[in-house]
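Protein chains in written order, with the UniProt record's numbering: chain A, 1 to 354; chain B, 1 to 354. This report concerns only the one structure given below.
Protein chains: 2
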Amino acid sequence: MSSQEPPRRATIADVAREAGVATSTASVVFSGKAKVADATRERVLAAAADLGYAGPDPRAASLRLGRSGIVAVVFEGHLRNAFLDPVTTAMMDGLADGLAELSAGILLMRDEPGEDGPGLASAPVDAYVLIGWSGRTRESVEVVRGRGLPVVVIEGDPGDGTIPRIALDNADASAEVAQHVYDLGHRDVALITLTLGHDRERAPITPERLAAATVGVTVDRLEGMRRVFPDAPAISASGSFIDEGIVIGRMLLADAATRPTAVLAQSDLLAVGVIRAAQELGLRVPEDVSVAGFDGIAIDGLGGQSLTTTVQPAVEKGRAAGEQIARMLGGEAGETQNLTCVFRPGTTTGVPPR
Amino acid sequence: MSSQEPPRRATIADVAREAGVATSTASVVFSGKAKVADATRERVLAAAADLGYAGPDPRAASLRLGRSGIVAVVFEGHLRNAFLDPVTTAMMDGLADGLAELSAGILLMRDEPGEDGPGLASAPVDAYVLIGWSGRTRESVEVVRGRGLPVVVIEGDPGDGTIPRIALDNADASAEVAQHVYDLGHRDVALITLTLGHDRERAPITPERLAAATVGVTVDRLEGMRRVFPDAPAISASGSFIDEGIVIGRMLLADAATRPTAVLAQSDLLAVGVIRAAQELGLRVPEDVSVAGFDGIAIDGLGGQSLTTTVQPAVEKGRAAGEQIARMLGGEAGETQNLTCVFRPGTTTGVPPR
DNA sequence: TTGTAGGCGTTATCAC
DNA sequence: GTGATAACGCCTACAA
């Protein structure tokens with residue numbers, strides 16, 4: 001008595017037929033968008049159960065409705081960063097919050113320069129949040145704008161001014177940290193920056209490299225630092241990791257003759273690495289060398305010390321983006337938000353050694 | 001000369017008409033699935049540019065193709081956990097990896113018991129990964145299975161055995177840690193578990209509560225611990241955080257008369273919290289009290305100590321799930337994977353005080 | 001290589 | 001309260 005396995009899943013039309021009602025009626029039973037007689041509803045539900053119908057196909061619904069309930073969050077490079085960098089995870093946390101009222105899902109996407117695959121434009125999403133620390137974002141912006149969907153850029157360069165963005169006072173905040181160190185008396189300072197561009201090269205920063213830099217955050221923070229220390233040598237890190245800070249810290253601190261009295265890093269992770277390197281070399285912080293960071297993330301492992309840094313509103317950044325997306329999907333215009341960092345003096349900076 | 005703003009976006013049919021070709025031709029130009037004369041392609045592209053057509057609408061394409069290129073990752077409770085818990089972030093990292101070959105996007109979703117909103121079933125996805133530490137997952141499984149899409153469960157109870165799952169040897173690994181502590185001579189041991197159920201209650205574990213527990217991981221790890229210490233008192237944490245460990249640590253260690261000689265925690269974060277609490281109370285670890293954890297995540301801030309724990313393959317868990325999804329989308333059957341933890345002795349456990 | 005036609009599964013509109 | 005019908009925008013046999 002066994003028949004062929006049904007070749008396709010039941011559709012709402014099948015359910016309607018089985019229940020002896022119109023498809024529109026069956027549809028309404030599932031969407032609840034109109035009143036249906038109890039008896040009718042029962043029959044439809046029974047038919048659905050019978051046929052193993054699990055409710056409307058979201059793909060069809062999203063075509064019909066023009067909405068998918070999904071917001072894309074676009075990272076450049078590997079998605080690892082989305083989960084491994086504490087500033088980013090905090091931001092995502094805030095974004096999830098800001099998006100909560102939409103009960104929209106968050107689609108993680110990457111925008112890798114090399115690949116041409118399906119790409120950003122092929123995802124059925126209702127809006128885009130571009131997380132961009134690089135000029136790459138500019139290009140993505142064009143791709144995405146063409147779709148006519150809401151876009152918000154977090155710390156990226158949106159090209160023209162028509163796209164709302166969530167920005168940070170990177171330059172000012174960096175200058176404030178630098179000024180603190182200057183005021184302590186330091187004049188011989190080394191700077192460690194985030195990556196300059198997609199190459200992620202660890203190398204001294206030259207005017208040429210700086211001119212070719214594509215990561216706005218890095219450039220802005222460096223600009224702030226150089227307001228106070230115009231001639232300080234700078235080196236770009238290959239990424240924001242403690243280990244990278246250790247490597248660069250060793251380079252900077254190993255030779256007593258060329259050792260700076262203070263190191264300013266563009267991230268807390270790098271700063272912590274430098275402190276580790278100093279400890280390795282038997283140097284005391286801040287007696288022998290002062291170290292300051294940027295971000296204000298919670299870092300354990302400083303042995304009771306607190307890092308001098310500036311605290312960026314990472315969670316707030318995400319929440320603000322989410323809120324703007326929600327506004328734009330509601331038909332209002334999105335607004336650019338300028339968020340500010342708060343300087344937080346710690347115990348890792350002090351007067352320079354005599 | 002200004003005309004009304006066009007009421008709707010251009011479609012591929014508009015482009016085809018404008019270019020003077022058939023829609024199928026225009027479609028092929030964008031999909032690249034067939035050869036098109038260069039001249040024709042040019043004309044189509046020009047027409048598209050003219051009309052501001054940014055390529056096929058993914059919503060329509062996914063209906064037509066039956067695929068959206070999206071894999072849903074379902075968490076129970078707040079998405080915060082996806083970003084703030086180190087074990088989970090590592091797992092997500094692995095998942096992104098395992099899914100990379102599909103070049104599928106990852107849709108973060110939550111499955112909150114309370115809410116009935118759009119819900120899991122309303123997302124246009126091709127497959128589901130259920131991250132479940134609770135019995136809640138069981139229910140989600142049913143919802144999702146009805147869709148007839150591939151499903152993989154990570155550390156959850158899949159109900160019947162037909163769903164591939166990624167599992168850990170939680171009981172055995174816990175027993176191994178416990179045995180290590182037993183072998184050191186400890187007999188007076190306190191246990192700290194993860195949450196027992198959705199209530200997230202911090203409270204002593206009674207047989208009744210244990211019987212009602214829904215989080216399989218917690219139950220399994222406790223079972224392993226009790227193989228070695230059948231009568232050890234246990235308390236459930238409200239979550240896996242350092243701060244929670246501190247709170248519970250204070251409770252357990254404050255009174256010298258009732259203080260255990262060792263504390264076994266079901267997560268490293270809880271264990272670190274206990275160590276902090278011990279330090280606060282002026283107790284030395286491991287001289288006055290031994291502490292062990294579970295997970296093997298990298299934790300700074302132990303002041304040079306290394307936590308005795310068991311290392312779970314968090315990244316591998318995610319990667320395995322991604323690979324199974326990829327297989328299933330390829331038409332093959334998914335397979336359950338049993339992963340194992342590796343015991344890692346550290347310096348936070350030692351012989352009990354006399 | 002290009003054109004035609006049908007349908008993917010749903011929901012909104014509008015009569016009844 | 002219920003039913004018929006027309007899109008939503010695209011892709012892909014199939015025919016020319």
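Note that the Cβ used here is the ideal one computed from N, Cα and C, for glycine as well.
Legend entry - C-beta neighbour in chain A for residue 359 of chain B, strict 8 angstroms: The question about residue 359 of chain B has no answer here: the residues shown for chain B are numbered 1 through 354.
Inset, instruction - Measure the alpha-carbon distance for A/Ala-96 versus B/Arg-80 and round it to whole angstroms. - result: 8 angstroms
Inset, instruction - Compare the C-beta of B/Ile-106 against all C-beta atoms of chain A and say whether one is closer than 8 angstroms. - result: yes
Legend entry - Straight-line gap, A/Ala-121 to B/Val-144 (C-alpha atoms, nearest Å): 27 angstroms
Inset, instruction - Please decide whether A/Pro-124 counts as near chain B, where near means a Cβ-Cβ distance under 8 angstroms. - result: yes
Inset, instruction - Write down the C-beta distance between residue 359 of chain B and B/Ala-232 rounded to the nearest angstrom, noting that I regard them as a contact closer than 8 angstroms. - result: Nothing can be reported for residue 359 of chain B: it is not among the residues displayed for chain B, which extend from 1 to 354.
Inset, instruction - Pull up the distance between the alpha-carbon of A/Asp-255 and that of A/Leu-168, whole angstroms please. - result: 36 angstroms
Inset, instruction - Using a Cβ cut-off of 7 angstroms, pull out every chain A residue sitting near B/Thr-89, in sequence order please. - result: Phe-83, Leu-84 and Thr-89
Inset, instruction - Assuming A/Asp-268 and A/Phe-294 form a contact by the criterion Cβ under 8 angstroms, report the distance between their Cβ atoms to the nearest whole angstrom. - result: 7 angstroms
Legend entry - Beta-bridge partners of B/Thr-340, as assigned by DSSP: Answer is none; B/Thr-340 lacks a bridge partner.
Legend entry - B/Val-272 versus B/Ile-246: straight-line alpha-carbon distance, rounded: 8 angstroms
Inset, instruction - Report the three-state DSSP secondary structure of A/Gly-249 (helix, strand or coil). - result: helix
Inset, instruction - Please determine, among B/Ile-325, B/Phe-343 and B/Ala-100, the residue with the shortest C-alpha to C-alpha distance to residue 412 of chain B. - result: In this structure chain B extends from 1 to 354, so residue 412 of chain B is not present and cannot be described.
Legend entry - Stretch-stretch touch, CB-based, cutoff 8 angstroms, three pairs: the segment 279-294 of chain B with the segment 325-333 of chain B: no
Legend entry - Cβ contact (3+ pairs, closer than 8 angstroms) linking the segment 42-56 of chain B and the segment 56-76 of chain A: no
Inset, instruction - Could you tell me whether the Cβ of A/Ser-68 comes closer than 8 angstroms to any Cβ of chain B? - result: yes
Legend entry - C-alpha gap between A/Val-28 and B/Ser-62, whole angstroms: 23 angstroms
Inset, instruction - May I ask you to report which of helix, strand or coil DSSP gives B/Leu-65? - result: helix
Legend entry - Residues, ordered as in the chain, of the segment 143-158 of chain A that lie near chain B by beta-carbon distance below 7 angstroms: Gly-146, Arg-147 and Gly-148
Legend entry - 8 angstroms Cβ cutoff, A/Asp-160 in contact with chain B: no
Inset, instruction - Compute the Euclidean distance between the alpha carbons of B/Ala-190 and B/Gln-337, then round it to the nearest angstrom. - result: 32 angstroms
Inset, instruction - For A/Leu-63, decide whether its Cβ has a neighbour in chain B, counting only Cβ atoms nearer than 8 angstroms. - result: yes
Inset, instruction - Put B/Arg-59 into one of helix, strand or coil per three-state DSSP. - result: helix
Inset, instruction - Using alpha carbons as the reference points, say which of A/Val-71, A/Ala-178 and A/Pro-204 lies closest to A/Leu-149. - result: A/Val-71
Inset, instruction - Give a yes or no on whether the C-beta atoms belonging to A/Ser-306 and A/Leu-184 are separated by under 8 angstroms. - result: no
Inset, instruction - Please decide whether A/Asp-93 counts as near chain B, where near means a Cβ-Cβ distance under 8 angstroms. - result: yes
Inset, instruction - Check distances from the C-beta atoms of the segment 267-278 of chain A to those of chain B and list, in chain order, the residues that come in under 7 angstroms. - result: none
Inset, instruction - Counting only the same chain and skipping the five closest in sequence on each side, list residues whose C-beta sits under 6 angstroms from that of A/His-180. - result: none
Inset, instruction - Identify whether B/Met-1 lies in helix, strand or coil by the three-state DSSP scheme. - result: With a pLDDT of only 38 at B/Met-1, under the threshold of 50, the placement of this residue in the model should not be trusted; the figure read from the coordinates follows. In this structure, B/Met-1 counts as coil in the three-state DSSP scheme.
Inset, instruction - Report yes or no: is there a C-beta of chain B within less than 8 angstroms of the C-beta of A/Leu-194? - result: no
Inset, instruction - To the nearest angstrom, report how far apart A/Arg-17 and A/Ala-39 are at their CA atoms. - result: 16 angstroms
Inset, instruction - Can you pull the chain B residues whose beta carbon is under 7 angstroms from the beta carbon of A/Met-109, in chain order? - result: Gly-105
Inset, instruction - Could you check if A/Ser-68 is buried or exposed, using at least 16 other CB atoms within 10 Å of its CB as the buried criterion? - result: buried
Legend entry - Selected residue, minimal CA-CA separation from A/Leu-270, among A/Asp-85, A/Asp-288, A/Arg-165 and A/Glu-223: A/Asp-85
Inset, instruction - Report the residue ranges of all beta strand (DSSP E) runs contained in full by the segment 290-329 of chain A; include only those spanning at least 3 residues, in chain order. - result: 290-292 and 309-311
Legend entry - Within-8 angstroms CB hit, B/Gly-52 to chain A: yes
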